[in-house]
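Worksheet: one structure, shown below.
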Amino acid sequence: MATMSSTFFLKYPQGKGEDSNNESLILFSCYFKYEEKKFVYSTGEKIKPANWDFKTRNPITQGKKKASNATSIKTQLNRYSDMFGQIQARCKTFGEDFTSKILREEFDREFKKAPTGKNLFFKAYDEFMEANIKKQNWSLNTIKRYQNIRNILEEFEQSTRYKLTFKSINNKFLIEFTDYCMRGRNHATNTFRRNLGLFKTFMIWAYANGYTYQDDFRKFKKMKEAFTKKVALKAEDLSYLMGYDLKSPKLERARDVFVFACSTGMRYGELKLIGKHNVVDGNIELKEEKSANKKPREIPLNPLSRMILKKYDYQLPLIANQKQNEYLKDVFKAIGYDQEVERVITRGKTVEREKVPLYELISTHTARRTFITMMKRKGKSDKLIAKITGHSDLKTLNQYYQVDDEAKKEAVDDVFGDILNPLKVAN
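In this text, residue positions in the sequence shown follow the working numbering: the first is 1, and each later residue adds one.
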């Protein structure tokens, strides 16, 4: 990093109001080459143009044109020059980008006595979160995800002693961070893939807001998504589930909420938006929190979902998502869904397989997957399903569709089952 120079100049070289007897504000200035940006900062000091040396860009300190307070002004200007050099040297020492954003914040802290801050990297991350929250860009789930990324980054820095600065976000960071997440935290491929994408979103914001002029992060490639088999229930499962006497009010409520989500395709976080006010002509008119700019979507109620809504007077008995997942496992364990199944977890190039009871794979997300799978198996179009679920990307929607062994067998039998019967084939 080449050493930058700085200078001072008068805001009004001819004097304020074109009167050389009027004092002018003295401004500090430098140029950030990588940002292609001139930096200007008010020193708060004033002087008459007649007392200013336009060649050395400093107060005249000798002779008849010397101002009575020239020495004190010169001393104050030297503080700006010295601080500029110190900040620049410190950034070079610690491998941090020297940007106009950093310089302004340090000047504010020193000369305007702004409160001291945290590590610049995390200070920027907090500013990034605060800006998006204030602009109402994020849902509650998105806020939680970005807070989780922040926690992971802090733990990564503490565990690996890899100092996080904007200068250090390079290929080495990607190697160390990948190893920490995949081996240190046992993240699955899809979890790490999603988190790295969120991190890059922050870095794009930091670049756009002047915290760094390096863009190595743009080259970070996400791992390919690992497609794993998930649980999707069938109509007979839901029928059995609704007819089973659970003998526990809390489990009954958890079951009812789950089955309602299965029969509407709604996300668990959307269920809190339902009330009598938005049930119109047999449809739930839902204004999504996640996509505030979208038109409200209409979700048709069927006899099953309508019955559950009426049971709870249109206010579903919702609890925290984590607690709901715990209760759902208890529900499916109670009704005997304990057959052994294989759970596959992909971490990079490693595929781990383990045997677990079926109820361990049930969660609130199973409901949305069940709805889409049941609709697809009945031949309903992707476009129709997406209108109900709110998916704008059909590729994402199809990731929810689970093709089980029975469905595959039915399809193959339908195509090849009559080959040994010449009469049917001929007709």
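Cβ atoms here follow ideal geometry from the backbone N, Cα and C, with glycine treated the same way.
Item, Value
"Whole angstroms are fine: how far does the CA of Glu155 sit from the CA of Phe199?", "15 angstroms"
"Start and end of the alpha helix (DSSP H) containing Phe192?", "189 to 208"
"Can you give me the Cβ contacts of Tyr125 inside the same chain, cut-off strictly under 7 angstroms, excluding the 5 residues immediately before and after it?", "Arg150, Phe202"
"Buried or exposed: Ser363, going by 16 or more other Cβ atoms within 10 Å of its Cβ?", "buried"
"By the 10 Å Cβ neighbour count, where 16 or more other Cβ atoms means buried, how is Thr7 classified, buried or exposed?", "exposed"
"Gly95 lies in the alpha helix (DSSP H); which residues open and close that run?", "No alpha helix (DSSP H) contains Gly95, which DSSP labels as neither H nor E."
"So, Lys163 versus Gln214, is the Cβ gap smaller than 8 angstroms?", "no"
"Compute the Euclidean distance between the alpha carbons of Arg145 and Gly197, then round it to the nearest angstrom.", "11 angstroms"
"How would you write the range of the beta strand (DSSP E) that Leu286 sits in, first residue to last?", "283 to 286"
"DSSP puts Pro59 in a beta bridge; with which residues?", "Trp52"
"Identify which residue in Thr56, Phe98, Trp52 has its Cα closest to the Cα of Phe32.", "Phe98"
"Going by C-alpha to C-alpha distance, which of Leu286, Asn278, Lys329 sits closest to Tyr314?", "Asn278"
"Would you give the residue range spanned by the beta strand (DSSP E) that Cys30 belongs to?", "24 to 32"
"Should Ile47 go down as buried or exposed, given a rule of 16 or more other Cβ atoms within 10 Å for buried?", "buried"
"Using the rule of at least 16 other Cβ atoms within 10 Å of the residue's Cβ for burial, across every protein chain shown, is Met242 buried or exposed?", "exposed"
"Would you kindly check if the distance between the Cβ of Ile308 and the Cβ of Tyr244 is under 8 angstroms?", "no"
"Just verifying my parser: in three-state terms, what is the DSSP assignment at Lys272?", "helix"
"If you follow the beta strand (DSSP E) that Ile299 is part of, which residue opens it and which one closes it?", "297 to 300"
"Could you tell me the boundaries of the alpha helix (DSSP H) in which Leu10 lies?", "Taken as a continuous stretch (DSSP letters only), Leu10 belongs to no alpha helix (DSSP H), being part of the beta strand (DSSP E) at 6 to 10."
"The ligand HEM and Thr3: does the residue's C-beta get closer than 7 angstroms to at least one heavy atom of that ligand?", "In the structure on display, the ligand HEM does not appear, and there are no ligands present to speak of."
"Take every Cβ of the stretch 262 to 273, pair it with every Cβ of the stretch 299 to 308, and state whether three or more of those distances are shorter than 8 angstroms.", "yes"
"How far does the alpha helix (DSSP H) with Lys66 in it extend, from its first residue to its last?", "Taken as a continuous stretch (DSSP letters only), Lys66 belongs to no alpha helix (DSSP H), as it is neither H nor E."
"Report the residue from Lys74, Ser29, Asn51, Asn302 whose alpha carbon sits nearest the alpha carbon of Lys64.", "Asn51"
"Using the beta-carbon count (16 or more within 10 Å), is Ala208 buried or exposed?", "exposed"
"Evaluate Phe94 with the Cβ neighbour count: other Cβ atoms within 10 Å of its Cβ, from every protein chain shown; 16 or more gives buried, anything less gives exposed.", "exposed"
"Which residues in the same chain have their Cβ closer than 7 angstroms to the Cβ of Phe9, if we skip the five residues on either side of it in sequence?", "Leu27, Ser29, Arg57"
"Sort Leu384, Tyr12, Leu251 by Cα distance to Ile319 and report the nearest one.", "Leu251"
"Quick check on the DSSP output: the alpha helix (DSSP H) that includes Gly243 runs from which residue to which?", "235 to 243"
"Hey, how far is the Cα of Lys92 from the Cα of Arg218?", "23 angstroms"
"Counting along the chain, where does the alpha helix (DSSP H) carrying Glu127 start and finish?", "120 to 134"
"Mind checking Phe258: buried by the 16 CB within 10 Å criterion, or exposed?", "buried"
"CB-CB under 7 angstroms to Ile143, same chain, minus the five flanking residues each way: which ones, in chain order?", "Ile133"
"Are Tyr41 and Arg90 closer than 8 angstroms when you measure CB to CB?", "no"
"Rounding to the nearest angstrom, what Cα-Cα distance links Gly117 and Gly269 in this structure?", "With a pLDDT of only 46 at Gly117, under the threshold of 50, the placement of this residue in the model should not be trusted; the figure read from the coordinates follows. In a straight line, the C-alpha of Gly117 is about 35 angstroms away from that of Gly269."
"Can you say whether Ile175 is buried or exposed, counting buried as having 16 or more other CB atoms within 10 angstroms of its CB?", "exposed"
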